[in-house]
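**Q** Next up is a structure, given as structure tokens.
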Amino acid sequence: MAGDGAKADAEVEKRAKYLALLALSDHEQLRYWPSTVAAGIVIMASMDGNQDSSYHQVIEAVAET
């Protein structure tokens, strides 16, 4: 159902925002490129929500760069 996908996306977004807040509060994370931290956040948020296609797309995009 379309509503289930929207709900899953909202949950992944909420987890990603939480993980971003944690990453930004740890000053040691500032030594990494922001795009690397963002990619890791998306991957972790997607994996936790069983959003396989989302994190596979991010991994492929990061691997190409």
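In terms of the UniProt record's numbering, the sequence shown opens at residue 1 and continues consecutively. Each residue gets a CB set at the ideal place from its N, CA and C atoms; glycine is no exception.
Classify Y18 as helix, strand or coil using the three-state DSSP reduction.
**A** For the purposes of this step, residue 18 is taken as residue 18 along the sequence shown, with counting starting at 1. Y18: helix per DSSP, three-state reduction.
**Q** Mapping the DSSP letters down to three states, classify D26 as helix, strand or coil.
**A** By 1-based counting over the sequence shown, the position of residue 26 is 26. If DSSP states are grouped into helix, strand and coil, D26 belongs with coil.
**Q** Please report the straight-line C-alpha distance between L24 and V12, rounded to a whole angstrom.
**A** Translated into positions along the sequence shown, residue 24 becomes position 24. Translated into positions along the sequence shown, residue 12 becomes position 12. L24 and V12: Cα-Cα distance of roughly 18 Å.
**Q** Buried or exposed: L22, going by 16 or more other Cβ atoms within 10 Å of its Cβ?
**A** The residue you call residue 22 lines up with position 22 of the sequence shown. By the 10 Å Cβ count, L22 comes out exposed.
**Q** My guess is that A45 and R15 are in contact by the Cβ rule of under 8 Å, so how many angstroms apart are they, rounded?
**A** Position 45 of the sequence shown holds residue 45. Position 15 of the sequence shown holds residue 15. Yes, they are in contact, since the Cβ atoms of A45 and R15 sit about 4 Å apart, within 8 Å.
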